[in-house]
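Colleague: Numbering (full-length UniProt numbering), first residue to last: 1 to 248. C-beta atoms are modelled at their ideal positions from N, C-alpha and C, and glycine is treated no differently. Quick caveat: nothing in here was measured; it's all calculated off a predicted structure. Can you read through this structure? Questions will come right after.
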């Protein structure tokens with residue numbers, strides 16, 4: 001597990017979570033008998049992937065940031081790392097989707113502060129149009145609402161407008177689509193939705209062999225004889241799958 005502490009000066013949560021994950025991984029890395037349950041192993045894999053993505057994003061941003069902007073980015077990363085640390089032994093598909101969106105929010109926030117740190121921004125920041133664009137992007141980035149795909153598109157548009165106003169060189173890209181679900185080592189087509197859109201996974205072969213209840217709303221999920229319930233559907237947004245792992 002890479003250690004990027006040189007970029008993490010000022011972080012309160014980085015070393016704490018790094019040490020926690022390292023301690024749990026040690027028996028596995030030393031090839032001793034794996035003392036972790038399957039559920040805990042999956043959750044640990046997700047936590048590790050979250051940690052690596054957040055630290056990588058922050059490290060890349062901090063190469064370009066100084067002073068208040070750098071402190072703001074590290075502070076926001078600490079908030080997310082603290083949430084990662086508090087995760088229990090089980091993590092749902094819905095939580096994984098929300099985590100992915102929060103990483104996307106953090107990616108956008110880093111872009112905002114990279115623009116703010118440029119000399120071009122400092123030249124134009126007194127213009128009303130620039131202030132309006134910055135305030136709009138800042139408001140969306142720090143909203144207490146759940147960060148949805150619609151919020152992300154609005155924030156991306158606000159950043160593009162700000163970039164145009166200050167003639168910035170910052171590239172407004174989407175976060176690299178590594179997808180935390182990759183940490184669970186599933187092939188494509190294991191992720192599904194209940195009738196109310198809550199996401200869950202079927203790990204064994206990808207085929208539905210039993211009916212259960214959605215953790216979020218209690219709706220029936222799964223199926224039988226590798227046949228998904230008719231009101232459930234493939235969650236292609238999780239891994240890009242176009243069809244289930246097991247033919248329907």
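(1) Thinking C-beta only, is residue 106 closer than 8 angstroms to residue 76?
(2) What does DSSP give as the partner residues of residue 233 in its beta bridges?
(3) Does the segment 188-195 come close enough to the segment 212-232 to have 3 or more Cβ pairs within less than 8 angstroms?
(4) Name the DSSP bridge partner or partners of residue 220?
(5) Less than 6 angstroms between C-beta atoms, sequence neighbours within five positions excluded: which residues of the same chain meet that for residue 101?
(6) For residue 216, which residues from the same chain have a beta carbon less than 8 angstroms from its beta carbon, with the 5 sequence-adjacent residues on both sides left out?
(7) In the structure shown, what three-state DSSP assignment does residue 125 receive?
(8) What are the start and end residues of the alpha helix (DSSP H) that includes residue 103?
(9) Taking its Cβ as the centre, do 16 or more other Cβ atoms sit within 10 Å of residue 43, making it buried, or is it exposed?
(10) So if DSSP puts residue 228 in a beta bridge, which residue, or which two residues, is it bridged to?
(11) Taking the beta carbon of residue 245 as the centre, do at least 16 other beta carbons fall within 10 Å, making it buried, or is it exposed?
(12) Output the distance between the C-alpha atoms of residue 165 and residue 152, rounded to the nearest integer angstrom.
(13) Give the straight-line distance between the Cα atoms of residue 140 and residue 108, rounded to the nearest whole angstrom.
(14) In whole angstroms, what is the alpha-carbon distance linking residue 15 and residue 157?
(15) Closest by CA to residue 83, which one among 46, 111, 112 and 119?
(16) What are the boundary residues of the alpha helix (DSSP H) that includes residue 200?
(17) Are the CB atoms of residue 72 and residue 113 within a distance shorter than 8 angstroms?
Modeller: With the structure as the only source:
(1) yes
(2) 193
(3) yes
(4) 213
(5) 147
(6) Exclusion of the five residues before and after residue 216 leaves 92, 94, 194, 196 and 198 as the residues of its chain whose Cβ lies within less than 8 angstroms of its Cβ.
(7) Residue 125 falls in the coil class under three-state DSSP.
(8) 93-117
(9) buried
(10) 223
(11) buried
(12) 20 angstroms
(13) 10 angstroms
(14) 35 angstroms
(15) 46
(16) First-last for residue 200: 199-201, but that is the beta strand (DSSP E), not the alpha helix (DSSP H).
(17) yes
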